[in-house]
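Colleague:
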Amino acid sequence: MKYQVGDIIRCERCARGAEITSVEGTKVEFKLLDKGFMPGLCSCCSRFYCSVCMLEANNKCPNCAAKGSFNLLGKLVSINTSISPSDANGWVAICDLCKSDRYTEIALALDKFPELITRKDENGSTLLHTAALCDALATSTLLLDRGAEIDAGDNKGNTPLMCAIFADHERLVQLFLCRGANVQAVARNGASAIFHAASKRKANLVTELLKYGAPVDQCGRLVFDEMTLSITPLQVAVINGDTELVGILARAGADVNYGDPTFGFTPTIMALLEISKGNGSVEIIRELHRHGADLNLADREGNNTPLSLAKKFNLTDAADTLRELGVKDPGGCFIASAVYENEHVIEIAHIRRWRDERVAKYSLGRFLIIWYKVVGPKLASLVQLGLIPRRPLRWMFDRLAARISKM
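Under the numbering used here, think of the first position of the sequence shown as 198, with each following residue one higher.
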């Protein structure tokens with residue numbers, strides 16, 4: 198049978214129709230005239246029936262009762278040939294049906310080609326991935342009922358659950374969770390579903406994922422200040438300035454003192470860095486403190502504490518908040534601070550620890566500490582003026598700190 202542009206084909210049972218818009222050899226495109234119509238041609242009696250009528254007839258031709266003998270028609274799908282999973286145009290047509298949530302047509306295709314359930318495209322995506330990205334609830338349910346792998350990963354390791362979170366389709370997330378999706382699955386970048394939900398600032402999805410046992414501290418990689426860091430969902434919430442989500446994750450047991458492996462940035466330090474860029478809020482610092490965050494923790498090198506960063510970036514409100522929450526200015530080590538020109542280097546941290554833990558144990562030591570508070574600033578000013586050379590003093594402090602660090 199030959200078709201021409203403008204021909205109308207109709208279901209012989211319900212009269213739903215479609216108009217032919219393009220014919221190239223055996224390839225046909227058409228536009229639907231009635232909602233829900235997807236034409237099928239019985240290969241036995243050559244009659245047209247829509248997919249709905251075929252489904253109601255138990256996937257048999259309503260005329261000759263030949264089961265599975267009809268051919269689906271779709272965009273760029275041949276009228277006179279089957280939709281073959283190995284045919285690129287046929288696969289595109291099936292994906293288009295999936296994106297439009299036309300589950301009745303998908304059901305007919307799966308009856309004839311059950312291998313479509315496990316078929317993957319060049320990106321490693323299955324039909325279930327496609328349905329998840331397009332909010333195709335009915336099709337997703339059908340695919341799961343037909344045995345689709347709910348935790349199948351694409352080439353990047355993303356599961357359908359992650360795809361639904363990416364696309365912000367909450368009802369698909371609920372469906373996958375109810376059907377047993379693995380909330381602990383991770384993509385190739387180490388990110389889990391809860392990490393992606395935190396990145397999307399979806400507090401309700403994070404809460405739901407936690408109910409299903411999502412790992413609250415599962416790290417993922419994220420670019421932060423042009424650096425790629427391995428951070429937790431809590432740190433993602435801090436970067437996003439989401440105080441509500443910070444509280445949800447902290448109450449769920451998130452590590453409020455976790456420092457990333459590269460730089461040792463804790464959630465509090467990240468909060469200060471975000472405030473310095475105008476993105477954060479001191480309320481996040483308060484929220485972290487309420488859940489037990491150590492506001493004195495320095496980064497991995499020991500060079501930056503939350504308070505030192507607040508001073509460095511002239512963040513008066515943040516510095517006042519930290520002091521209000523019990524953070525004290527380090528003080529002391531006046532000469533060493535002048536020598537290193539930075540009171541937060543690791544060497545000075547070692548010397549302070551030695552002073553507080555060893556020297557202060559003895560009455561003479563406590564007297565010397567008090568005396569040094571008086572004369573120390575004067576001696577430090579001489580160093581700053583260059584009247585006392587820094588080089589020999591630095592040599593001395595380096596070796597003192599190295600020895601103390603081994604105690």
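Backbone N, C-alpha and C fix where the C-beta goes; we use that ideal spot for every residue, glycine too.
Leaving aside the five residues before and after residue 531 along the sequence, list all residues of the same chain whose C-beta is less than 6 angstroms from its C-beta, in chain order.
Modeller: Contacts found: 573, 574 and 577.
Colleague: Do residue 395 and residue 454 have their C-beta atoms closer together than 8 angstroms?
Modeller: No. Outside cutoff.
Colleague: Short check: CB of residue 477 to CB of residue 450, under 8 angstroms?
Modeller: For residue 477 and residue 450, no; Cβs fall outside 8 angstroms.
Colleague: Where do the N-terminal and C-terminal ends of the alpha helix (DSSP H) with residue 513 fall, by residue?
Modeller: Looking at the DSSP string, the run of the alpha helix (DSSP H) that includes residue 513 is 513-521.
Colleague: How about residue 303 and residue 336: are their beta carbons less than 8 angstroms apart?
Modeller: Yes, they are a contact pair.
Colleague: Going along the chain, which unbroken runs of the alpha helix (DSSP H) with 4 or more residues stay wholly within the stretch 320-363?
Modeller: As far as the stretch 320-363 is concerned, its whole alpha helix (DSSP H) runs of at least 4 residues are 324-330, 334-342 and 357-363.
Colleague: Would you decide whether residue 359 is buried or exposed? Buried here means 16 or more other CB atoms lie within 10 Å of its CB.
Modeller: When all chains shown are included, residue 359 counts as buried.
Colleague: I want to check one thing, is the minimum distance from the CB of residue 510 to the heavy atoms of the ligand GDP below 7 angstroms?
Modeller: Because no ligand of any kind appears in the structure shown, any question about the ligand GDP cannot be addressed here.
Colleague: Which stretch, first to last residue, makes up the alpha helix (DSSP H) that contains residue 593?
Modeller: That run of the alpha helix (DSSP H) goes 587-602.
Colleague: Give me the DSSP bridge partner(s) of residue 214.
Modeller: Paired residues: 207.
Colleague: With a CB to CB cut of under 7 angstroms and the five nearest residues on each side skipped, what residues in its chain are close to residue 369?
Modeller: Taken in chain order, the residues that qualify are 329, 332, 334, 337 and 361.
Colleague: By how many angstroms is the C-alpha of residue 219 removed from the C-alpha of residue 409?
Modeller: The alpha-carbon atoms of residue 409 and residue 219 are separated by roughly 50 angstroms.
Colleague: Measuring CA to CA, which of 525, 472, 474 and 479 is closest to residue 494?
Modeller: Checking every option, the nearest Cα to that of residue 494 belongs to 525.
Colleague: Do the stretch 509-519 and the stretch 456-472 meet, that is, are 3 or more Cβ pairs less than 8 angstroms apart?
Modeller: The answer is yes - the stretch 456-472 touches the stretch 509-519, with three or more Cβ pairs under 8 angstroms.
Colleague: Looking at residue 557: is its Cβ nearer than 8 angstroms to the Cβ of residue 566?
Modeller: Closer than 8 angstroms, so yes.
Colleague: Can you list, in chain order, the residues of its chain whose CB lies under 6 angstroms from that of residue 354, leaving out five sequence neighbours each side?
Modeller: Taken in chain order, the residues that qualify are 384 and 385.
Colleague: Which residue comes first and which comes last in the alpha helix (DSSP H) that contains residue 403?
Modeller: Taken as a continuous stretch (DSSP letters only), the alpha helix (DSSP H) holding residue 403 covers 400-408.
Colleague: Quick one: is residue 509 buried, meaning 16 or more other Cβ sit within 10 Å of its Cβ, or exposed?
Modeller: Its Cβ having fewer than 16 others within 10 Å, residue 509 is exposed.
Colleague: Which word fits residue 399, buried or exposed, when buried means at least 16 other C-beta atoms lie within 10 angstroms of its C-beta?
Modeller: Counting Cβ neighbours within 10 Å, residue 399 comes out buried, since at least 16 surround it.
Colleague: Would you grab the beta carbon distance between residue 418 and residue 425 for me? Rounded to a whole angstrom, and I think it's under 8 angstroms.
Modeller: With 8 angstroms as the limit, residue 418 and residue 425 qualify as a contact, their Cβ atoms being about 6 angstroms apart.
Colleague: With burial defined as no fewer than 16 other Cβ atoms inside 10 Å of the residue's Cβ, what is the status of residue 560: buried or exposed?
Modeller: So residue 560 counts as exposed.
Colleague: Going by DSSP in three states, residue 429 sits in which element: helix, strand or coil?
Modeller: In this structure, residue 429 counts as coil in the three-state DSSP scheme.
Colleague: Pull up the distance between the alpha-carbon of residue 413 and that of residue 466, whole angstroms please.
Modeller: If I take the Cα positions, the gap works out to 20 angstroms.
Colleague: Secondary structure at residue 479, three-state DSSP: helix, strand or coil?
Modeller: Helix at residue 479.
Colleague: If you drop the 5 nearest sequence neighbours on each side, which residues of the same chain put their C-beta closer than 6 angstroms to that of residue 506?
Modeller: Taken in chain order, the residues that qualify are 469.
Colleague: Leaving out the 5 sequence neighbours to the left and right, which residues in its chain are closer than 8 angstroms to residue 298 when beta-carbon positions are compared?
Modeller: So the list reads 328, 331, 332, 333, 334, 335 and 336, once near-sequence residues are dropped.
Colleague: Return helix, strand or coil for residue 294, following the three-state DSSP convention.
Modeller: In the structure shown, residue 294 sits in a helix (DSSP, three-state: H, G or I).
Colleague: Which parts of the stretch 545-591 are runs of the alpha helix (DSSP H), unbroken and 4 residues or longer, counting only runs that do not cross its ends?
Modeller: The stretch 545-591 contains these whole alpha helix (DSSP H) runs: 560-581.
Colleague: Residues in its own chain within less than 7 angstroms of residue 444 by CB, not counting five upstream and five downstream?
Modeller: Contacts found: 484.
Colleague: For residue 383, which of helix, strand or coil comes out of DSSP?
Modeller: If DSSP states are grouped into helix, strand and coil, residue 383 belongs with the strands.
Colleague: Is the Cβ of residue 445 closer than 8 angstroms to any Cβ of chain B?
Modeller: Absent from the structure: chain B. Only one protein chain is present.
Colleague: If I measure Cβ to Cβ from residue 523 and keep anything under 6 angstroms in the same chain, skipping five residues before and after, which residues do I get?
Modeller: Result list for residue 523: empty, nothing under 6 angstroms.
Colleague: What's the call for residue 208, buried or exposed, on a 16-neighbour Cβ count within 10 Å?
Modeller: Buried is the call here.
Colleague: Taking all protein chains shown into account, decide if residue 183 is buried (16 or more other Cβ within 10 angstroms of its Cβ) or exposed.
Modeller: Beyond the ends of the chain as shown, which are 198 and 604, falls residue 183; an answer cannot be given.
Colleague: With a CB to CB cut of under 7 angstroms and the five nearest residues on each side skipped, what residues in its chain are close to residue 442?
Modeller: Excluding residues within five positions, the ones whose Cβ falls inside 7 angstroms are 395, 398, 400, 403 and 434.
Colleague: Anyone know if the C-beta pair for residue 348 and residue 379 falls short of 8 angstroms?
Modeller: Yes, these two residues count as a Cβ contact at 8 angstroms.
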